[in-house]
Every structure is written in structure tokens, then in C-alpha cells.
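The structure appears right after this line, and notes come after that.
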Amino acid sequence: MDLKSLGVAIGQIAADRGLPPQKIVEVIESALASAYKKEYRKRSEVVRAQFNSETGTAKFFLVKLVVDETTVRFAEPGEDVEALSETEEEGLPRYNPDRHLLLNEAKEMKSDAAVGDEILIPLEAHEDFGRIAAQTAKQVILQNIRDAERASVRAEYADKEWGIVSGVIQRYEHGHVYIDLGRASGVMFQNESIPGERYQPGQRMRFLVIAVQEEEHRRPGIILSRSHPLFIQKLFELEVPEIAESIVEIKKIAREPGSRTKVAVVSHAQGVDPVGAMVGQRGSRIMSVINELGNEKIDVVEWNEDIAEYIGKSLSPAKVTEVQTLERREALVLVPEDQLSLAIGRGGQNVRLAAKLTGWRIDVRSAASPGEAREGGVGHAPEVAEAPEAPGTETE
1 MDLKSLGVAI GQIAADRGLP PQKIVEVIES ALASAYKKEY RKRSEVVRAQ FNSETGTAKF
61 FLVKLVVDET TVRFAEPGED VEALSETEEE GLPRYNPDRH LLLNEAKEMK SDAAVGDEIL
121 IPLEAHEDFG RIAAQTAKQV ILQNIRDAER ASVRAEYADK EWGIVSGVIQ RYEHGHVYID
181 LGRASGVMFQ NESIPGERYQ PGQRMRFLVI AVQEEEHRRP GIILSRSHPL FIQKLFELEV
241 PEIAESIVEI KKIAREPGSR TKVAVVSHAQ GVDPVGAMVG QRGSRIMSVI NELGNEKIDV
301 VEWNEDIAEY IGKSLSPAKV TEVQTLERRE ALVLVPEDQL SLAIGRGGQN VRLAAKLTGW
361 RIDVRSAASP GEAREGGVGH APEVAEAPEA PGTETE
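So in UniProt numbering, spot 100 of the sequence shown is number 100, and the numbers just go up one at a time.
If you want it as C-alpha cells, here you go:
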């Protein structure tokens, strides 16, 4: 690698790394300045490089800040001049001839110089520096380009946090799934995957971005999820234009990933059925979401300010005879005898999700024998979701 070939390669490097060419030039200039300073100048000085990518040549400058007696203090007799620091904890910084230039001296070099300006003093061009720079700066340049690339990717995906991305499964390792996102890689930890779902290398899937962090120990910093309740909402947003138009709103989601989800929706436009909008013609919209989730069952119910009405609908697909609201956010729900098992659900799942969706403790009993405490019925209290919530829709 030499400076000329590096200049020619800037466009290709920028394209390969997905970075602006000017960013590559800045990285090169920073590395060249560090190499020049290490080889020829003092540690306390500030050196700046200007790289011409067309000619593959570099110019170097000593950078000094214009100061006067109001912006710096001068060393007292007996002070250790060698230990001068540019800044101090209290008061003005001490004058440092390696970094500072007095105003009267600066005006001799530039007539309109003012306090606070930077003066660039040209430095000698050393004939052997091209070879030295190539050896010294190569690793620094490559590392800085990698850092710039990571920073660019983090910035890009920070804007996608709590949004949907598409990626290809790379590998499954120790319970975690590693995903190729194109310019970046992501990881889905075991607790963020859908229980029972299989992940095959080369398989393309959608994911929810739940965090963008610094990479650690070769582990990607983009954290993905398929089990988060908000993943359901984002999938519906892709399928239901009425959500983007604020005609239909998802009020709350209760989910047991891989098994069943309940979604409460409300319409803000007269004549628009929110449940019908979510389901779509012949179930087309909801089936797109179900297929993405590997056939996870989804119940869409209409949210209602009337809590008794809302609780009754939350137990869908079961039919409810009566809902009695009690103290301490508890409700007694009576259902026909032949609907009791359906209202409770396998392992109590239906009533459990209904409790999460409404935030009420729900006691389901047969209407034929409502006085029999718990016999043939079940009670369930809402649980607090362990997954972090994104701003907006309530999820559990």
C-alpha cells in the first residue's frame, strides 16, 4: 500500500463499506497526521494532514490557536515549563508555545487574525515519509475505517430501533441466532426467539430491532427479537394501511409467543370496523401475520371503554353470558356450560391472556352453577410483562 494507490482506492473502499468518500478521506488524514507527528514532531503539538486523493500526496501543517493575555495565563517564575498543560482544572489554560500563538505573532502571518482562530503553519515534506506512512498508517487507517463503518451502521439502525428489518439466518449457536442484515449483523438471543421455531441457515425472516449497542467480543450490537409483543403490532402495521392512517389503533397486545396472541383494537372513524380491518378480506391480512409467526394463533378483539364489555370480548372466541365487575379490578364472568372450556383455554391460556389484555383479574364460571366457587371454573390475574416496552402501544 502507498499513498497514491490509497487515493485511487477511496471510491471502491467507500462503496464496499457503505461510507461517504469524504469520510474515508478524513480517516486517512487523521492516520497520516498521527504517523507524521510520531515520526517528526513533539507529542504536545497538533498536526493536521491534507490528503489529495487525485494525486495521492499529502501536506502537513502545525496547528496553533491564536491567544492573548485574556485567554491564557503565562507561566510564573519557577513553574515547570516542560509540564505545561493545555487546560487546567481552575482558571485560564497556561500558555503553551507548542499549541498557542500570540495575537501579534499571528497578525504577522495573517493580517486579519483574531483570538480563537487556528493558524496552519506548513511543515516540511520528507521524501521518505511515503514509505513510513504506508507502514505506520496502514493498520490505523483500516481500523479507523472499520470504526467509521460500525458507527455508520449504528446510526442507521438506531433510526430503525423498534422497527421491522429483514435478514438471513447465518447460524444457530448456543441457543442464539446470528442474522445477516446486509451491511450489518444482528443477534437474536434465546429468550427473544419464538419457542419451538426452527432457524435454518439461508432462511430469510423478519425481526424487530429492540436495541442498538456497541459490539462486544465479536458479538453483533444489533439485538433482534421475534417474541416481543411489539413485533405483532409492527407486522400488522405492514399489512393494515388503516393503522398508518390512524383510522384503526392497536390499544394493547397480550402474547404467549409461538402459541397465542390477543390484540385489542379501536376505530377512530365512523363506519370502520377495526376487527374487520385487521382481519382483511377472507382473512388475507391476518393470515400474512400468522404465516410470518409460524401459525401462532391471533385473536383480534374490539377495545371498549366499558370494561365489562371489553372483558367479555377479550375472552373470544368464547361466548359470554354475563360480566360482573367487582372491587380491586376483579371480574366474575359467566359463560354457557358448553363454552366453559373454550373460555378458559388449554392450560388456562385464554383467560390468562384476557387478564393480561384487560389488566383485570378474571374469574370464569359456568352460568349454570355460578355460586360454586371455582368448581368447573378458573380465575386469573394479569401479569407484568418481562419484555421491555417501546413507546406507544401497551404490550404484555
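A virtual CB, placed ideally from N, CA and C, is assigned to each residue, including glycine.
None of the values given here were measured: they were computed from a predicted structure.
CB contact flag (I121, A113, <8 Å): On the sequence shown, residue 121 is found 121 positions in, with the first residue counted as 1. On the sequence shown, residue 113 is found 113 positions in, with the first residue counted as 1. Taking a C-beta distance under 8 Å as the contact criterion, I121 and A113 do not qualify as a contact pair.
Spatial neighbours of A184 in its chain, beta-carbon cut-off 6 Å, leaving aside the 5 residues before and after: Translated into the one-based positions of the sequence shown, residue 184 becomes position 184. These residues qualify, in order along the chain: V153 and I222.
List the whole-angstrom C-beta distance separating V27 from I141, where the pair is believed to meet the contact cut-off of C-beta under 8 Å. Along the sequence shown, read from residue 1 onward, the residue named residue 27 stands at position 27. Along the sequence shown, read from residue 1 onward, the residue named residue 141 stands at position 141. 6 Å between Cβ atoms; contact.
Given a threshold of 16 other Cβ atoms within 10 Å of its Cβ, counted over all protein chains shown, does V320 qualify as buried or as exposed? On the sequence shown, position 320 is the one that residue 320 refers to. Burial call: buried.
Looking only at its own chain, which residues have a Cβ that is under 8 Å from the Cβ of R73, when we skip the five neighbours before and after it? Taking the sequence shown and counting its residues from 1, the one referred to as residue 73 is at position 73. Same-chain partners within the cutoff: G91, L92, P93, R94 and Y95.
Given that a residue counts as buried once 16 or more other Cβ atoms are within 10 Å of its Cβ, and exposed if not, what is A331? Counting from one through the sequence shown, the residue named residue 331 turns up at place 331. Residue environment analysis places A331 among the buried positions, since at least 16 neighbouring C-beta atoms fall within 10 angstroms of its C-beta.
Return yes when the Cβ of L102 is within less than 8 Å of the Cβ of V46, no when it is not. Here residue 46 corresponds to residue number 46 of the sequence shown, with the count starting at 1. Here residue 102 corresponds to residue number 102 of the sequence shown, with the count starting at 1. Using a Cβ distance threshold of 8 Å, V46 and L102 do not count as a contacting pair.
In this structure, how does DSSP classify V153 when only helix, strand and coil are distinguished? Position 153 of the sequence shown holds residue 153. In this structure, DSSP gives V153 a helical state, which the three-state scheme calls helix.
Using the rule of at least 16 other Cβ atoms within 10 Å of the residue's Cβ for burial, across every protein chain shown, is A244 buried or exposed? What you label residue 244 is simply residue 244 of the sequence shown in a count that begins at 1. Residue burial is scored here from C-beta neighbours: A244 has fewer than 16 other C-beta atoms within 10 angstroms and is therefore classed as exposed.
Inter-residue CB distance, E249 and H268 (contact presumed, cutoff 8 Å): By one-based count along the sequence shown, residue 249 stands at place 249. By one-based count along the sequence shown, residue 268 stands at place 268. Going by Cβ atoms, the distance from E249 to H268 rounds to 6 Å, so yes, they are a contact pair.
Would you verify that the beta carbon of S366 is, or is not, closer than 8 Å to some beta carbon of chain D? In summary, chain D is missing from the structure at hand, where a single protein chain is found.
So, under 8 Å CB-CB, A49 and A33 are touching, yes? Tell me the CB distance rounded to an integer number of Å. Here residue 49 refers to the residue found at position 49 when the sequence shown is read from its first residue. Here residue 33 refers to the residue found at position 33 when the sequence shown is read from its first residue. Indeed, because the Cβ distance is near 4 Å, the residues count as touching under 8 Å.
How long is the line joining the alpha carbons of M205 and R150, rounded to whole angstroms? Taking the sequence shown and counting its residues from 1, the one referred to as residue 205 is at position 205. Taking the sequence shown and counting its residues from 1, the one referred to as residue 150 is at position 150. Approximately 23 Å between the Cα atoms of the pair.
So, is H100 buried or exposed, given that buried needs 16 or more other C-beta atoms within 10 angstroms? Position 100 of the sequence shown, counted from the first residue, corresponds to residue 100. The residue in question, H100, is buried, as its Cβ has 16 or more Cβ neighbours within 10 Å.
Give the single residue among L230, D147 and N104 whose Cα lies nearest to the Cα of K262. Locating residue 262 in the sequence shown gives position 262, counting from the first residue. For K262, the nearest C-alpha among the options comes from L230.
Could you check which residue in P220, G202, I164 and Q203 has the C-alpha nearest to that of V187? Counted from its first residue, the sequence shown places residue 187 at position 187. Shortest Cα-Cα distance from V187 to any of P220, G202, I164 and Q203 involves P220.
For T71, tell me which candidate among E197, G116, V168 and K23 has the shortest Cα-Cα distance. Locating residue 71 in the sequence shown gives position 71, where the first residue counts as 1. Scanning E197, G116, V168 and K23 for the CA closest to the CA of T71 turns up G116.
If you drop the 5 nearest sequence neighbours on each side, which residues of the same chain put their C-beta closer than 6 Å to that of G376? Taking the sequence shown and counting its residues from 1, one reaches residue 376 at position 376. Low confidence applies to G376: its pLDDT is 40, below 50, so where it sits in the model is not reliable, and the reading given next is rough at best. Counting only residues of its own chain and dropping the five nearest sequence neighbours on each side, G376 has a CB closer than 6 Å to the CB of S366.
Sequence ranges, beta strand (DSSP E) only - wholly within the segment 237-307, length at least 3: Runs of the beta strand (DSSP E) inside the segment 237-307: 248-256, 260-267 and 297-302.
In this structure, what does DSSP give as the bridge partners for F207? Mapped onto the sequence shown, residue 207 falls at position 207. Per DSSP, V165.
Determine the extent of the alpha helix (DSSP H) in which A35 is found, giving its start and end residues. To locate residue 35, count along the sequence shown from 1; it is residue 35. Segment P21 to Y40, the alpha helix (DSSP H) holding A35.
E327, buried or exposed, once every other Cβ within 10 Å from all chains shown has been counted against 16: As a first step, residue 327 is located in the sequence shown; it is residue number 327 there, counting from the start. Exposed: under 16 other Cβ atoms inside 10 Å.
Restricting to Cα atoms, I'd like to know which of W360, I247 and A264 is closest to Q270. Your numbering for residue 270 matches position 270 in the sequence shown. Closest option to Q270, Cα to Cα, is I247.
Can the beta-carbon of V265 be found closer than 8 Å to that of M278? Working through the sequence shown from its first residue, we reach residue 265 at position 265. Working through the sequence shown from its first residue, we reach residue 278 at position 278. The Cβ-Cβ distance between V265 and M278 falls below 8 Å.
In the DSSP output, what is Y178 paired with across the bridge? The count along the sequence shown starts at 1 and reaches residue 178 at position 178. Answer by DSSP bridge pairing, in chain order: R171 and V187.
Determine the closest residue to E29 out of I145, A106, V240 and D273, with distance taken between C-alpha atoms. Here residue 29 refers to the residue found at position 29 of the sequence shown. The residue with the shortest Cα to Cα distance from E29 is I145.
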